[in-house]
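Those protein sequences? They're chains A and B, same order as listed.
According to my numbering, the residues represented by the first sequence are 1227 to 1583, in order.
According to my numbering, the residues represented by the second sequence are 35 to 279, in order.
Built from N, CA and C at the ideal position, the CB exists for glycine as well.
Here the structure is a predicted model, which means the values were calculated and not measured.
Only one structure is covered here, and it is reproduced in the block below.
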Amino acid sequence: MNKNIMPPVIEIGLLGWLRKNLFSTWYNTILTLIGLYFIYLIIPPFLTWAFFDATFSGTTREDCTSSGACWVFIKQNMKLIIYGLYPSDELWRINIAYFLLTVSIFYLLIPNLKYKGSVGIFLLFIFPVICVFLFSGGLGLENVETRLWGGLFLTLVIAGVGIVLSLPIGIMLALGRRSKLPIVSLLSTIFIEIWRGVPLITVLFMASNMFPLFMPEGVNFDKLIRALIGVMFFSAAYLAEVVRGGLQAMPKGQYEASQAAGLTYWKMMALIILPQSLKIVIPAIIGSFIALFKDTTLVLIIGLFDFLGIIQFVGTNPDWLGFSHEGYVFAAAIFWVFCFGMSRYSQRLEKKLDTGH
Amino acid sequence: MTSETMIEMSSVHKWFGELHVLNDINLKVTKGEKIVICGPSGSGKSTLIRCINRLEEHQRGEIVVEGTELTNDNRSVEKIRGEVGMVFQQFNLFPHLSILDNCSLAPIWVRKLPKVEAREKAMEYLKRVQIDDQAHKYPAQLSGGQQQRAAIARALCMEPRIMLFDEPTSALDPEMIKEVLDVMVGLAEGGMTMLVVTHEMGFAKEVADKIIFMDEGQIVESKNPTDFFANPESERTKTFLSQIL
Chain A
1227 MNKNIMPPVI EIGLLGWLRK NLFSTWYNTI LTLIGLYFIY LIIPPFLTWA
1277 FFDATFSGTT REDCTSSGAC WVFIKQNMKL IIYGLYPSDE LWRINIAYFL
1327 LTVSIFYLLI PNLKYKGSVG IFLLFIFPVI CVFLFSGGLG LENVETRLWG
1377 GLFLTLVIAG VGIVLSLPIG IMLALGRRSK LPIVSLLSTI FIEIWRGVPL
1427 ITVLFMASNM FPLFMPEGVN FDKLIRALIG VMFFSAAYLA EVVRGGLQAM
1477 PKGQYEASQA AGLTYWKMMA LIILPQSLKI VIPAIIGSFI ALFKDTTLVL
1527 IIGLFDFLGI IQFVGTNPDW LGFSHEGYVF AAAIFWVFCF GMSRYSQRLE
1577 KKLDTGH
Chain B
35 MTSETMIEMS SVHKWFGELH VLNDINLKVT KGEKIVICGP SGSGKSTLIR
85 CINRLEEHQR GEIVVEGTEL TNDNRSVEKI RGEVGMVFQQ FNLFPHLSIL
135 DNCSLAPIWV RKLPKVEARE KAMEYLKRVQ IDDQAHKYPA QLSGGQQQRA
185 AIARALCMEP RIMLFDEPTS ALDPEMIKEV LDVMVGLAEG GMTMLVVTHE
235 MGFAKEVADK IIFMDEGQIV ESKNPTDFFA NPESERTKTF LSQIL
């Protein structure tokens, strides 16, 4: 008997894969061909427009003479798109923050480095404090009003604050909702259901227009802070339900073993229950973060110019009328890069934390 | 010889809704005593030992463990849980932690031992149950018997004065039961006070000072092993014994 017999050619290699996945039956073959036809219809013209026929160099719209995209539009407005109306002389403050953020994140992404914990703590606790001073001023730095904040910078501020603060609040709400104390449970449930039951647009409108009406004369919170609080609680309510799902998946035995070992409620939650239940819901948590990141675009309706808002805004500049396609494609690409990055990170995290149960 | 009383339960009652799961339980356990509790399923035997470290709350009567009465006061509960180790039917190891971390977690966070010391002690107990070579693996990578031995080591790391076993071999494949029972016999020989809910009558004969038979929430029979197997008084005990022996 020949033990070294090879699998039939049809089972392996590219040919085998094609046959198995794309041409296995006659209707599968038809679907494959239709799919290929659509790809042919869409991709080559898009590439021609976006790259082959596009204009990359120049300074004004007159330089864009070809039929393709005019990336000069993006290039010329890059400062507005990234920094909003932030004063030119103070841009270094934002650049420092961008720099620190990028370096820290890359450091965390490289496997097997020392002091990752410290970098994480820096990013979560110290970096935001630095940012508050850098961005708004104080300690000798000139004050910059938040109405001048905008662009990608503002989007990252809103998303960053939302993500960093909404997770701990969401966890507390989830624990509260499952609490044995009826008052705590009731209040948490009411809070969660109210915030989940209202569209984010409504929350932002309320924060921007209604909230000042309830405040006594002269008391005035910054509009951005009001929007941030709205986004944060909105996201926290969703995360609370995600986390609660994870908590419910915990077997009773884990609680009992922790209690029998003498752990108090908070130690049991912090050391045994949450590490396991949060791990289960990583994909859903990151999903919430991605949704939050994209929802930041809604702040446009209360007059804050985030990344997408500012692109729309520069599109209305008489010098650059008619280039909104380029603007939207660029916005979509940048949003996609951020969201895809988060999605990949979530998958890495899941793999890393897998202990086989 | 009068020995120290470790656990005293007097007129303990417990209901699950309408169901009277513990009905007037009176039990005294002295230091070093090994008690095996058996009985049909639903007889209240697991509930009884779970009341001792308050995984279940009793509703009437009094439970005193090492001089501390179990009440709703969290401090008394925590104090008692520190003295009482428990081994579960389903092992209940923490799956996200290595075996070593499973064992050193409570000593570090409850007993406030320094990390190094807690780990050394954990290795010592893991050696005693002969799985020190598995210390850095995760629970899911171990066999059932190994997991249960790790669970015993985890409980021992707290240096408890009393050990509770809730059907420790019921979830194991037959060939793994012996390795767990051997560990328990070793523990008994070391003088540990033990309450064991089990149907392993061989184990009961070998180590028990007293065998308790429970049915419908009551202690029906409480005798030393020789008498328990030779002349059970109650009809229910006889029926039960005829079914499992």
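Distance from the CA of G73 (chain B) to the CA of I246 (chain B), rounded to the nearest whole angstrom, comes to 8 Å.
Across the region 1470 to 1483 of chain A, CB contacts with chain B closer than 7 Å involve G1479, Q1480, E1482 and A1483, in sequence order along the chain. The Cβ-Cβ distance between F1564 (chain A) and F1531 (chain A) does not fall below 8 Å. V98 (chain B) sits in a strand when the DSSP states are folded into three classes.
Taking CB atoms only, L139 (chain B) has a neighbour in chain A less than 8 Å away. Note on geometry: alpha-carbon atoms of V231 (chain B) and I1451 (chain A) lie some 60 Å from one another.
With respect to the C-alpha of A1557 (chain A), the residue from A:N1321, A:I1322, A:G1377 and A:Y1253 having the closest C-alpha is A:G1377. In this structure, the straight-line span from the alpha carbon of G1582 (chain A) to that of D216 (chain B) is close to 28 Å.
H1551 (chain A) carries a helical assignment under DSSP once its states are collapsed to helix, strand and coil. Put simply, the backbone Cα of G1386 (chain A) is about 42 Å away from that of T1258 (chain A). Per DSSP, N1543 (chain A) lies in no alpha helix (DSSP H) and is assigned neither H nor E. Under DSSP, K149 (chain B) shares a beta bridge with no residue. Rounded to whole angstroms, the Cβ separation of E1552 (chain A) and F1299 (chain A) is 5 Å, and the two are in contact under 8 Å. Closer than 7 Å at the C-beta level to chain A, one finds these residues of the region 108 to 132 of chain B: E112, R115, G116, M120, F122, Q124, N126, F128, P129 and H130. By the C-beta density criterion, F199 (chain B) is buried, having at least 16 other C-beta atoms within 10 angstroms. Listed by position along chain A, the residues whose Cβ is nearer than 9 Å to that of N106 (chain B) form an empty set, because the closest Cβ is around 12 Å away.
The criterion of a C-beta distance shorter than 8 Å is satisfied by H130 (chain B) and Q1502 (chain A).
By the Cβ criterion, the region 1475 to 1485 of chain A is not in contact with the region 1349 to 1359 of chain A, since fewer than three pairs of Cβ atoms, one from each stretch, lie closer than 8 Å.
Using a Cβ-Cβ cut-off of 8 Å, L1412 (chain A) does not count as an interface residue toward chain B, since no Cβ of chain B sits closer than that to its own. In this structure F1533 (chain A) touches I1560 (chain A) by the C-beta definition: roughly 7 Å separates them, less than 8 Å. Here K155 (chain B) is buried. Its C-beta has 16 or more other C-beta atoms within 10 Å.
At a C-beta separation below 7 Å, V144 (chain B) has these neighbours in chain A: A1487, G1488 and L1489.
Secondary structure at F1249 (chain A): coil, using DSSP grouped into helix, strand and coil.
The criterion of a C-beta distance shorter than 8 Å is not satisfied by A264 (chain B) and V241 (chain B). When DSSP states are grouped into helix, strand and coil, F1299 (chain A) belongs to the helix group. Within the DSSP bridge table, the entry for G1535 (chain A) names no partner. Distance between S268 (chain B) and Q252 (chain B), taken at the CA atoms: about 12 Å. Residue burial annotation: P194 (chain B) is buried, with at least 16 other C-beta atoms found within 10 angstroms of its C-beta. In chain order, G66 place their CB closer than 6 Å to the CB of G225 (chain B), counting only its own chain and leaving out the 5 sequence neighbours on each side. If only uninterrupted beta strand (DSSP E) runs of at least 3 residues are considered, none is enclosed by the region 1327 to 1354 of chain A.
The alpha-carbon of S1569 (chain A) is positioned some 56 Å away from that of G95 (chain B). By the Cβ neighbour-count rule, F1264 (chain A) is exposed, with fewer than 16 other Cβ atoms within 10 Å of its own.
Any Cβ of chain B closer than 8 Å to the Cβ of Q1502 (chain A) would place that residue at the interface, and such an atom is present. When secondary structure is reduced to three states using DSSP, G1364 (chain A) falls in the strand class. Taking a Cβ-Cβ threshold of 8 Å, the residues of chain A close to L89 (chain B) are E1482, Q1485 and A1486, in chain order.
E90 (chain B) sits in coil when the DSSP states are folded into three classes, being neither helix nor strand.
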